[in-house]
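Here the structure comes first, spelled out in structure tokens, and everything after it is commentary.
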């Protein structure tokens, strides 16, 4: 493996956990090679080959090849890259704790969202799960008055929360009323130059 960053993910448009990593790489200005794989009846064989080739020890994506290492699991990838870059994270224990808390809330949301995507969104998901998730996250964002979780300093948690909003929007499960703090975050994320360019370029993707 070379030191050039290679990003591996499924060819499923802008849905899913891998897009959190993609947005982060775009924003941070990484020069990377992207490899997408069809998520169809060929995936089982592709997954086995990726595992055999050492691209992902679990057979799941996303994964990245970076500085001679293979990194997997989207949130650990973001944490690793943030630490390696020396930014996109809290600067002290309290800030790091807040980033971890919100990221864990996102992980809980994502588990429910995957079920909604695969099985169809239940009324409980649409009227309870999402409402409670965005309300909880907004309370944390309100502590530092946004637009990001730590005020004017962006962290990897902001990419996760933005992606949750984007994914709920794409499958029609956003609550009828979104907290102002979340709206403020979305606007700030979409105004970041590298992300704005990526969104414009990929506006046609589901």
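In full-length UniProt numbering, the protein residues as written are 1 to 206. For every residue, glycine included, the Cβ atom is placed at its ideal position computed from N, Cα and C.
Per DSSP, the continuous alpha helix (DSSP H) segment holding residue 162 begins and ends at 156-170.
Closest option to residue 149, judged by alpha-carbon separation, among 111, 126, 178 and 189: 189. Put simply, of 185, 159, 174 and 115 the residue whose alpha carbon is nearest the alpha carbon of residue 146 is 185. Counting other Cβ atoms within 10 Å of its Cβ, residue 85 stays below 16 and is therefore classed as exposed. The Cβ atoms of residue 93 and residue 160 do not sit closer than 7 Å to each other. Cβ atoms of residue 24 and residue 71 stay farther apart than 8 Å, at about 12 Å. Counting only the Cα atoms, residue 61 lies some 29 Å from residue 175.
Residue 29 is classed as exposed because its beta carbon has fewer than 16 other beta carbons within 10 Å across all chains shown.
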